[in-house]
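*Asks:*
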Amino acid sequence: MLVKQISVFVENKRGKLADITRLLARYQIDISAISIADTTNFGVLRMIVDSPDKAFQTIHDAGYTVHTTEVIAAEVPDSPGGLNHVLEILDQENVNVEYVYSFLKTTAGSALILFKMEEAQNTMDVLMRHGIKVLTQEEINTL
Amino acid sequence: MYWNKAYECMDRGRLEALQTERLIHTVQRVYYNVPFYRDRMQQSGLQPEDIQSLDDLKKLPFTTKQDLRDNYPYGMFAVPLSEIVRIHASSGTTGKPTVVGYTRQDIQVWSELMARALTSGGTQKDSVIQIAYGYGLFTGGLGFHYGAERIGASVIPISGGNTKRQIMLMEDFGTTVLACTPSYALHIAETMKEMGIKRENLKLKYGIFGAEPWTEAMRREIEEKLGITAIDIYGLSEVIGPGVASECQSRSGLHIFEDHFLPEIIDPKTGKTLPPGSTGELVFTTLTKEGLPVIRYRTRDITSLDYEPCACGRTHVRMSKVIGRTDDMLIIRGVNVFPSQIETILMEIGETEPHYLLVVDRVDNLDSLEVWVEVSDKLFSDEVRRLEDLNRKIANEIHSLLGLTVKVRLVGPKTIERSEGKAKRVLDRRKL
Chain D
473 MLVKQISVFV ENKRGKLADI TRLLARYQID ISAISIADTT NFGVLRMIVD
523 SPDKAFQTIH DAGYTVHTTE VIAAEVPDSP GGLNHVLEIL DQENVNVEYV
573 YSFLKTTAGS ALILFKMEEA QNTMDVLMRH GIKVLTQEEI NTL
Chain W
7 MYWNKAYECM DRGRLEALQT ERLIHTVQRV YYNVPFYRDR MQQSGLQPED
57 IQSLDDLKKL PFTTKQDLRD NYPYGMFAVP LSEIVRIHAS SGTTGKPTVV
107 GYTRQDIQVW SELMARALTS GGTQKDSVIQ IAYGYGLFTG GLGFHYGAER
157 IGASVIPISG GNTKRQIMLM EDFGTTVLAC TPSYALHIAE TMKEMGIKRE
207 NLKLKYGIFG AEPWTEAMRR EIEEKLGITA IDIYGLSEVI GPGVASECQS
257 RSGLHIFEDH FLPEIIDPKT GKTLPPGSTG ELVFTTLTKE GLPVIRYRTR
307 DITSLDYEPC ACGRTHVRMS KVIGRTDDML IIRGVNVFPS QIETILMEIG
357 ETEPHYLLVV DRVDNLDSLE VWVEVSDKLF SDEVRRLEDL NRKIANEIHS
407 LLGLTVKVRL VGPKTIERSE GKAKRVLDRR KL
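Here it is as C-alpha cells:
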C-alpha cells in the first residue's frame, strides 16, 4: 500500500518547472501532492500523481532524470498535535524520517501527509499497528 | 606463457646492446633514404656517425604527426613503393590521413609482436578468437588477425559492428578470446543483457582491449559483466599498429616490445627527456621498421615507464595505462590536469560513461575549474542530502588526486553539448 512518488532532477533555470508541469497537463495527469527541495544550483521536484507510471515515462522521455520512490501517505487528525502524534510514534520506533510534505487535498477532518523513510514497508506496518490510516494509490486517486 | 622467451626475457644488458646496434642502423637508413630525416639532422648539425649509443638518442630531433601529414602520402617511406606490401591509414578526422606502409619483413615483425601480445594475454593455439576490431585501413583488425594466425588460434574475422550477430557467433562458435575496443566490449555486454543471453552461455575467457583509453573501473565492469580477464594492449599505426606494448597476466603495466621500439618519456612542454618513473609524453623510435621507420615520434600519450623486473619474468619495460593526451592537458594553477583523470573519478563513483564538462576560467588572475556533471539515473536521488554528498564526494576525490579545489555543479541530463565523434570535455574561458 506504499504509494509511488515521482522525483525529478530540476536545474535552477527559468522555465524548467513549467516545462514539467506542461508535460503533465498535456497528458492529463493529476497532481495530488507536490514539494520542491532546492539548493543553489538545483532542486528535486517530488510529486504524487494519479498515474505514476505514465508520469514517469512522460517525464523520462522528455529527457529528465526521474526516479520513482515508495513513500507512505498517512492520514493524520487535522487538529493541533495531529502530526506530532504520528512523529512521536515513529520516534519511539526509532524510524528516521527523510522528509515530509502534505497533500493538496484532504479527507474530512484529516490532513494527508507523505513520509519518506528508508524502511518504508516496516514503517507502514508500525503505523497501521498504531491505528494510523495509510492510503493506497486508489484511495488517493479518488480524493 | 611466452611466445618468444629469448627476446621477451632477454637480459637487459644484452637488450640494450641489441637496441644500440639497431638504433645506429636505423639512423643510417633514414639519413640516406628519407630526405625529411636527412634535412632535419643536417639542420641540427648531425651526421649518422654522431649516434653511437642509446644516450645519443636525445640529440635527434622529434617527429610529429604533422610531419607525417606534411609528407603525405609516401614522403616518409624509407623504401621504394615496390617494396611496400601493405598500406594502412588513419581515419583523418582532422585533415589528410596519416599513411603508413609495411614491407614484407615489417608484416613478419608485426605478426610476431601481435603473437607475443596475444600469447601474454592468454591466447593459445586452441583458442577461438573473435576479432571485432575494424578490418580495413585501420590497423586494428588485420594486426590482430595476423598475430592470431601466427599463433595458430582459430580466427573469426568478424570485424566491428552488428552486435547481435557478434553475440550469436560468440555463442555458436564457442569464442574464447574477444578482441575489440573496451567500449565495444561494454556495448556487447549490454546487448547480451537485452537479448537475455547469460555469460554462462559463452566460453569467453579473455578479452584483449585497446585502441582507446580506458580505466580500471571500466576493466572491472567488463570483467564482471562478461566473466573474463580483460587485458590491455597499446599501439599506434605510426609506430606499427596494435602490438607496441601489451599487458601480461600480472597486469601491472604494459610491456613495450623493446627489441623493436625504443621508448622515452619527455616533458611535453620543453621536450626534455625525463628520468625513469616520471610521467610525461611517450616518444618512440622504431628499431627494425623498414617501410616507415620513425625517429623520436611524439605519441602525445601521457604515461610513465617502470623498469623494475616484472613478476611474469619479462624484462621489457612496462608503461602505465595511458592517462591522457598532451592535446587534452590543461594547466590550472600550475597543476597538469587531464580530463581522463576526472573521468576516472566519476566512473569510480558510479558512472559507466559520465557526461561531464570542465569549465576553466580566470577570475582576478586566478584560475578556476568547475566540473559540470550530468545527473544520470544512477547518480540521482530524491533526497537532496545524497545529491549534496555526491557533490562533495566528487570535489573531495578531485582534490585528493590533483590537489586542486574545484567547484562541482550537478546539471540536468543532456545539458552538456554532444558532438559527433569525440566528446567535448573542456570549455576554456581564460583569455590569455
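Residue numbers (the working numbering), protein chains in the order written: chain D, 473 to 615; chain W, 7 to 438.
All residues carry an ideal CB built from backbone N, CA and C; glycine is no exception.
This structure is a prediction, so every number in the text was calculated from the model and none was measured.
1) Counting along the chain, where does the alpha helix (DSSP H) carrying W/Q136 start and finish?
2) Identify, in the order they occur along the chain, each residue of the same chain with its Cβ nearer than 7 angstroms to the Cβ of W/R1, setting aside the five sequence neighbours on each side.
3) Give a yes or no on whether the minimum CB-CB distance between W/D383 and chain D is below 8 angstroms.
4) Label W/G241 either buried or exposed according to how many other C-beta atoms from any shown protein chain fall within 10 Å of its C-beta, with 16 as the threshold for buried.
5) Fully enclosed by the region 28-54 of chain W, which alpha helix (DSSP H) runs are 4 residues long or longer?
6) Listed in chain order, which residues of the region 495-521 of chain D have Cβ atoms closer than 9 angstroms to some Cβ of chain W?
7) Compare the C-beta of D/S574 with all C-beta atoms of chain W and state if any pair is closer than 8 angstroms.
8) Could you give the C-beta distance for W/I113 and W/I135, rounded to a whole number, given that I count them as a contact under 8 angstroms?
9) Taking only beta-carbon atoms, is D/G535 less than 8 angstroms away from chain W?
10) Below 8 angstroms, can you find three or more Cβ-Cβ pairs linking the region 391-402 of chain W to the region 334-344 of chain W?
11) Count the other CB atoms, across all protein chains shown, that sit within 10 Å of the CB of W/V369; report buried if there are 16 or more and exposed otherwise.
12) If you count every other CB in all the chains shown that lies within 10 Å of the CB of D/T608, and 16 or more means buried, which is it?
13) Have a look at W/N77, W/Q49, W/E55 and W/A195 and flag the residue whose alpha-carbon is nearest the alpha-carbon of W/V300.
14) How many Å lie between W/H6 and W/D238 at the Cα?
15) Taking 8 angstroms as the CB-CB limit, is W/K420 close to chain D?
16) With a floor of 4 residues, list each alpha helix (DSSP H) that falls wholly inside the region 346-416 of chain W, ordered by position along the chain.
17) Look at the alpha carbon of W/E55 and the alpha carbon of W/E27, and state the distance between them as a whole number of angstroms.
18) Could you please give me the residues that DSSP links to W/E287 through a beta bridge?
19) Do you know whose CA, among W/S133, W/S160 and W/Q172, lies nearest W/Y139's CA?
20) Three or more C-beta pairs under 8 angstroms: does that hold for the region 28-36 of chain W against the region 290-307 of chain W?
21) When the Cα atoms are used, what is the spatial distance from W/S346 to W/L352?
22) Using the three-state DSSP reduction, which class does W/R331 fall into: helix, strand or coil?
23) List the residues of chain D that W/V417 touches, going by C-beta distances under 7 angstroms, in chain order.
24) Considering Cα atoms alone, identify which of W/K71, W/G127 and W/A223 is closest to W/P103.
25) Determine the contact status of W/I308 and W/I329, defining contact as a CB-CB distance below 8 angstroms.
26) Which value, in whole angstroms, describes the spacing of the CA atoms of W/D367 and W/G146?
27) Closer than 7 angstroms by beta-carbon distance: list the chain W residues that pair up with D/T541, in chain order.
28) Please report the distance separating the alpha-carbon of W/F263 from that of W/K209.
29) Helix, strand or coil for W/I88 per DSSP?
30) How about D/L474 and D/A592: are their beta carbons less than 8 angstroms apart?
31) DSSP state of W/G427, grouped into three classes?
32) Whose C-beta lies closer than 8 angstroms to the C-beta of W/N39 among residues of the same chain, with five residues either side of it excluded?
33) Are the beta-carbon atoms of D/N582 and D/V548 separated by less than 8 angstroms?
34) Could you tell me if W/P274 is buried or exposed, where buried requires 16 or more neighbouring beta carbons within 10 angstroms of its beta carbon?
35) Unbroken beta strand (DSSP E) runs of length 3 or more, entirely within the region 135-193 of chain W: which are they?
*Replies:* Taking the geometry as given:
1) Here W/Q136 belongs to no alpha helix (DSSP H); instead the beta strand (DSSP E) covers V134 to I137.
2) The question about residue 1 of chain W has no answer, for chain W in this structure spans 7 to 438.
3) yes
4) buried
5) 41-49
6) A509, D510, T511, N513, F514, G515, V516 and R518
7) no
8) Going by Cβ atoms, the distance from W/I113 to W/I135 rounds to 19 angstroms, so no, they are not a contact pair.
9) yes
10) no
11) exposed
12) exposed
13) W/N77
14) Outside the shown range of chain W (7 to 438) lies residue 6 of chain W, about which nothing can therefore be said.
15) yes
16) 390-408
17) 12 angstroms
18) W/I272 and W/I308
19) W/Q172
20) yes
21) 10 angstroms
22) strand
23) E483
24) W/K71
25) yes
26) 39 angstroms
27) D388
28) 30 angstroms
29) The residue asked about is misnamed: residue 88 of chain W is Ser in this sequence, not Ile. Here W/S88 sits in helix by DSSP.
30) yes
31) In this prediction, W/G427 scores a pLDDT of 48, lower than 50, which makes its location untrustworthy; no coordinate-derived value is stated.
32) A84 and V85
33) Note on residue identity: the sequence assigns Ser, not Asn, to residue 582 of chain D. Yes, they are a contact pair.
34) buried
35) 160-162 and 183-186
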